[in-house]
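Those sequence lines, one after another, are chains A, B, C and D.
Numbered per our numbering, the first sequence spans residues 873 to 1166.
Numbered per our numbering, the second sequence spans residues 873 to 1166.
Numbered per our numbering, the third sequence spans residues 1215 to 1656.
Numbered per our numbering, the fourth sequence spans residues 1215 to 1656.
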Amino acid sequence: MSDKFTIPFDRVVVLGSTGFLGKKVCDVFRQSGVDIIGLRSKDVDLRKEASIAALQQLAGGDVALIFSSALTPDRGQTLGTLSDNLTMAINVGKFLESCKIGLCVNISSDAVYPLTANPITENSPIDPAGYYGLAKYGGEKILERVTAASKIDFLNLRVTALYGPGDPHGSYGPNSFLKSLMKDKTVRLFGAGEEKRDHLHVDDAVFLIRKLMAVRATGTYNLATGRSRSFSDIVTALQQAVPFSFEVVSMARRGPITHRHFDTTRLCLQVPGFQFASIEEGIAGYYRFCFPGT
Amino acid sequence: MSDKFTIPFDRVVVLGSTGFLGKKVCDVFRQSGVDIIGLRSKDVDLRKEASIAALQQLAGGDVALIFSSALTPDRGQTLGTLSDNLTMAINVGKFLESCKIGLCVNISSDAVYPLTANPITENSPIDPAGYYGLAKYGGEKILERVTAASKIDFLNLRVTALYGPGDPHGSYGPNSFLKSLMKDKTVRLFGAGEEKRDHLHVDDAVFLIRKLMAVRATGTYNLATGRSRSFSDIVTALQQAVPFSFEVVSMARRGPITHRHFDTTRLCLQVPGFQFASIEEGIAGYYRFCFPGT
Amino acid sequence: MSHAVPTGFVGLSHLGIVSSLAWASFGRAVVAYDPSVERVASLAAGTLPVHEPGLAELHTKTHAHVEWVSDAAKLEACPLVIVSLDVPTAEDNTSDLTPVLALIDAIVPFLRQDVVLVVMSQVPPGFTRRLRTRIEQIRPDLRCTLHYWVETLIFGRAVERALRPERCIVGCEDSDAGLAPMFAEALSVYGCPILPMRYESAELAKTAINLYLIASVSYANTLADLCEAVDADWGEIVPALRLDQRIGPAAYLRPSLGIAGGNLERDLVTLRSLAYEEGVDAAVFDGFSQANKKRYDWALRMVNCYVMTQSAKPKIAVWGLTYKKNTHSTKNAPALRLIRDLAAHAEFAAWDPIIRAQDNLGAVQLLGSPADALRGADALLIMSDWDEFVNADLRPVRSEMTRSLVIDCAGALEGRRKELTGIEYVSMGRRPQGLRPAAASA
Amino acid sequence: MSHAVPTGFVGLSHLGIVSSLAWASFGRAVVAYDPSVERVASLAAGTLPVHEPGLAELHTKTHAHVEWVSDAAKLEACPLVIVSLDVPTAEDNTSDLTPVLALIDAIVPFLRQDVVLVVMSQVPPGFTRRLRTRIEQIRPDLRCTLHYWVETLIFGRAVERALRPERCIVGCEDSDAGLAPMFAEALSVYGCPILPMRYESAELAKTAINLYLIASVSYANTLADLCEAVDADWGEIVPALRLDQRIGPAAYLRPSLGIAGGNLERDLVTLRSLAYEEGVDAAVFDGFSQANKKRYDWALRMVNCYVMTQSAKPKIAVWGLTYKKNTHSTKNAPALRLIRDLAAHAEFAAWDPIIRAQDNLGAVQLLGSPADALRGADALLIMSDWDEFVNADLRPVRSEMTRSLVIDCAGALEGRRKELTGIEYVSMGRRPQGLRPAAASA
């Protein structure tokens, strides 16, 4: 699929430009010639009411806003982070109530879905298991209502497990595997790694965001590959990619085996024929990034 | 069904004691000899962090807390009221993280459910249509998690359309009908009043709360009668109860006809044989309250 | 009933045309009424606006017994009047009862005082009893007997089923009332069981039959999906199911792109909204509804996986545009939906045994033969089960296509799997042999 | 197969006992193995731990052909060995495969090198192919042929179905492999169709049949609910459905309190979790699952509405404690659930044709006759469809009860509605005549 397409906005503002996805979006958009403004919490602290005024200076009908700020689960799922995440969404909502922009892209998460439903579509029932997912769901509802009232286009993206170079969290899966591989040539797996998940390479996520913005898609999309793989598949892929042998340590599982699959028909209709990085390709590239020169 | 039962708590603290339900709970509990402390926002402003310390003074293993505070939809479904409602829940959550009490009763609402599902059970999918329902849902999730972590019993009550003497809001249905009847002997109906809703008399709601507390029920219950009636049924009941004739004005409906039914099996198992006030009985009593001496 | 005394048919859409001609084929006089002067003139001239196997022959044979009229006063001669207007459905498959009510309002003034009035239109439970009240208000003098007669029309088999119904379900005012003798006598020509029951039971029976078929189809499609996932073969399993007497040899077990055509969807929507209004738990209906809504995605998924990933703008041949064989109906037809969904990403060339140029086809080139449609194509999609496809000459599939890939959404070539050498074949209920999907594709 | 050469049966639970005796009834020698010395001794002594019509007679007739053993080495004599242990299910209806795997592990060392090993236990799709690998690891020298044979046991009709199966579904390594000749010959005695197919297809076929029955039951129950809501009569509609050949005369259309007994629930759970693992949309299964979970509530709702609202602590008579007739099984039986749910609010007196005192009954007084159970009762709940209830003497219902109210959750008296004068009768699929529900009751 060709990536020769343009973003039909004069300026793209990214809130949360130091996050895993936010940073990649800024880099790639900038490389493809988009006028991009990346804001960190140091620049504009969305937890403060003053942030609204700061954002107002960036508004305009030709502006697309990507709201990617969040205190991620690795910061603790506490009432404090919940409150902060909700406050950020409310303040962005208040900004959008006060100013006109062209498009609001909300970076949400598949944490809004329970782990009991398969395969997940954009119409699957919501039931977040933790405060992070709850805040994401609250943010969606807030921005959905505000943009509808202000006639601002709204694109809501529920992103599944992201992996790839630059991940700062070391979340369980490819990211934690590479991290521990670099640390002590060991990979730690819950049980035998039977759980299937949909692992999305961060580069594919960025491509899809660009493409959906380019075709002016609106509404909710799950960003996922549509093909779930078990964690043990990933270990196998890693064993194939890595020129040395490593130890696989099995840890006690904390709960029953769960699986997560996506039915990506809605996304597919926007990018038919798009080929996601296979887990084998993605893992191999990630390894080369972590172990340059091997 | 006999109402000779005791609340197994030495003290009951009601947050939101000036609300429709909160006030009735205080009155009835007090009459039946319960040591009850009703707090208004004037006493403890739950929107402020300082409220946590104020609540801590009331804690104890023999204390039941009824959290009934909320800025109701008639106060406007804005980002401001959303933020306030969420902050109140978060502060109550922080209080419960810091102190031990015996039971937390959360007064939630059927606004957490979409109007598309029928009949509703406690397992029906969640999809609040507005900020009020969203805040109620957020509050539920927060208090559910906090009480589970602190090993505090948690009783979550999703209350459907309440009516009866003392309603301060004049919400559409029995309350607005009686209000406009008192004002100008007119009843205003959307369309021909085809919509079916489950109308719960406030006295029944209070009885159920007492009963569920008495049997130490925990988890989520919908408080509803299980028998839905159309708004035109209510007008008919009113016509039978009222010794004068009144005008019924049809207003243009704002959307398609929706219905709401509850499957009350879960509640039924706690209070088998309980007979709710029929809409005819409830309306007749409400009328006598509004028009004393007629 | 004397053959000289005519039976009235009211409303000459698909149902009315087929029913009145079938009724007349037993040598009975028929007054066929429709308010549209044009439609009546065209029917009188022998032009049939619907396609059904055997309908033209039936028309030729029975035409002389039928008086086509647009004057409702002609119904005064009829002791038995049958309302046979199809109930139209909206985009969301809800029924629009306005036309049938307007039609009945228009004819009631002309009905004989002791008329037997039979409703055959596809009405929801509760309609007939409410209609009684409505008629009483318009004509308080009328002493009519009102029945509801379940129509058993199946698109593509309408004539056969109108001539030889397997049973007649008739709604009566109450269970013990029984049929009006004149109507009972008229139905006796079919030699099939007559089942009188309450109005509500008969109205529900009609939708209940269709819901059972939807249940079977939804079940079969879900199992077919599971077969693909666990490497079982649905085609091996179905014969075992058919041998179970609790399931039966004629059960609807063929996988498909889900229900289409509008009638089954209408009945599902009707019962679903009835359940919603009454507060009846309809999780089962919701399951059917969701399964059928998503079933079309199978076609999209296969096209995406095996075609779109291989080529930037593939050429796709489509056999079949109607929603099934032997009908002209394209209502909810998956072929048209697919062409619309992928219009920007692929080129479509189609062949259909009956559809010629018409408005709603979308971006597709209509060709004159199966082989013409195949020329230079990267894939063939078979989208309905016409006999022409089941028995198609497969040589052009091998010789004319750029890639001999067949995605068979209708199971048309299921029975010929052993003949398909040299053809890549994708069908429902088993994993395609020798074809690998793209690693992961959107 | 020579009658002197025995067939081995491995695992003597319900399935193994019935199957081995049925097998022997054709004059064939059987070695029936179970690791439990007690169970083997008891079977050898003629004590049958399960109730099935005709089983005692079968045992008497065939006992001489069966050698009951708890020594696995005896299987060395058997060229054909059939694994017939029932797979137990947990509280949540999931299968526990550990016992059947342990049993197979225990016998594999004693199998003949060219044995034909047939699995008859209720295993999920994928099991048999994985089992092949497992056996190869334990006994690399074994050149065994492995089959999966779908059991068709129905509680209460097990003997009849073991003697005269309507068809034999047999899983093979692949579609073209066919049956081991010895096994094919053995099955030929039944004179029914033999359907060989892939392991996965056969494993899925077994659950697929049950799922179809669940689909039919779920459908019927939802329609019965709708009938009650719109004042139609499901009893009038069912005969019309049975006349439709796509539905058939033997379709499962009787309303009930939903599936019970454990086997259908197990298959629903098995397919549901398979779909979950594979990412197959199972909205249809979810619909069945939800409908069946909530179906029991019908009984609770009726008791609450017509009984609990009338009396502070009513006395309730219960006929039937097993989940259906002709079985001793109370697994998931709604009667026991109801007694448990309302233990604090009502007194229960029960009569059951087969159940005597046992552990899991809960707070219920077991009485010796139907009339004894009725004495002084405010209501009778009929909870299963034993012939004893269908044909019951109704005089005690009128004479012994405080109030002659019957809530028939099993449709036992459906066929006798005209006899029920003087009895208030509540059953599924129609509104009770002459009974008003409480205005609104919890």
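Ideal Cβ positions, reconstructed from N, Cα and C, are used throughout, including at glycine.
Give the residues of chain D in contact with residue i, contact being defined as C-beta atoms less than 7 Å apart.
i	result
P997/B	Near P997/B there are no residues of chain D at all, since even the closest Cβ is about 11 Å away, more than 7 Å.
D1135/A	D1495
A1474/C	Correct list: empty, because the minimum Cβ distance to chain D is about 17 Å.
S1100/A	G1493
P991/A	G1493, D1495
What are the boundary residues of the beta strand (DSSP E) that includes residue i?
i	result
H1041/B	Element bounds for H1041/B: n/a, residue is neither H nor E.
F1062/B	1058-1062
M1123/B	1119-1123
N1605/D	Unbroken run through N1605/D: none, as it is neither H nor E.
M1411/C	1408-1412
Please list the partners that residue i has in chain C, where partner means a Cβ-to-Cβ separation under 9 Å.
i	result
L1649/D	Correct list: empty, because the minimum Cβ distance to chain C is about 18 Å.
If the cut is a Cβ gap below 7 Å, which residues of chain C does residue i touch?
i	result
Q949/A	Here the premise fails: no neighbours, minimum Cβ distance about 30 Å.
At which residues does the alpha helix (DSSP H) containing residue i begin and terminate?
i	result
V1224/C	Unbroken run through V1224/C is the beta strand (DSSP E), 1221-1224; no alpha helix (DSSP H).
H1361/D	Taken as a continuous stretch (DSSP letters only), H1361/D belongs to no alpha helix (DSSP H), being part of the beta strand (DSSP E) at 1359-1363.
M960/B	951-970
P1313/D	1312-1321
A1558/D	From DSSP, A1558/D is part of no alpha helix (DSSP H); its letter is neither H nor E.
S1022/B	1003-1022
Quick check on residue i: buried or exposed, where buried means 16 or more other Cβ atoms within 10 Å of its Cβ?
i	result
A1394/D	buried
M1123/A	exposed
G1154/A	buried
M1522/D	buried
I1352/C	exposed
V1517/D	buried
D1555/D	buried
D1481/C	buried
R1644/D	buried
D1388/D	exposed
R1242/D	buried
Since residue i contacts residue j with CB under 8 Å, what's their CB separation in whole angstroms?
i	j	result
F1341/D	E1417/D	6 Å
L1457/D	R1381/C	4 Å
V1244/C	A1238/C	4 Å
A1236/C	V1373/C	7 Å
S940/B	V886/B	6 Å
V1120/B	L1061/B	6 Å
At a CB-CB cut-off below 7 Å, which residues of chain B make contact with residue i?
i	result
L1006/A	G1010, K1013
Y1490/C	N990, H1131
L1514/D	T1137, C1140
List the residues of chain A that residue i touches, going by C-beta distances under 7 Å, in chain order.
i	result
S955/B	I962
L958/B	L958
I want to verify the contact list: residues of chain D whose CB lies under 9 Å from the CB of residue i, in sequence order.
i	result
L1485/C	T1436, L1437, L1440
- Listed in chain order, which residues of the stretch 1035-1059 of chain A have Cβ atoms closer than 8 Å to some Cβ of chain C? Those would be none; no residue qualifies.
Mind listing which residues of the stretch 1120-1153 of chain B have their C-beta closer than 9 Å to chain D's C-betas, in chain order? Listed in sequence order: D1135, T1136, T1137, L1139, C1140, L1141, Q1142, V1143, P1144, G1145, F1146, Q1147, F1148, A1149, S1150, I1151, E1152, E1153.
Next on the checklist: Residues of the stretch 1299-1319 of chain D in Cβ contact with chain A at a cutoff of 7 Å, in chain order, please.
Outcome noted: Identification of residues in the stretch 1299-1319 of chain D having a C-beta nearer than 7 Å to some C-beta of chain A yields an empty set.
Selection of the stretch 1528-1550 of chain D by Cβ proximity to chain C, strictly under 9 Å:
Residues: none.
> Which residues, in order along the stretch 961-982 of chain B, keep a beta-carbon less than 8 Å from a beta-carbon of chain A?
Replying inline: Shown in chain order are the members of the stretch 961-982 of chain B whose Cβ falls below 8 Å from a Cβ of chain A: I962, G965, K966, E969.
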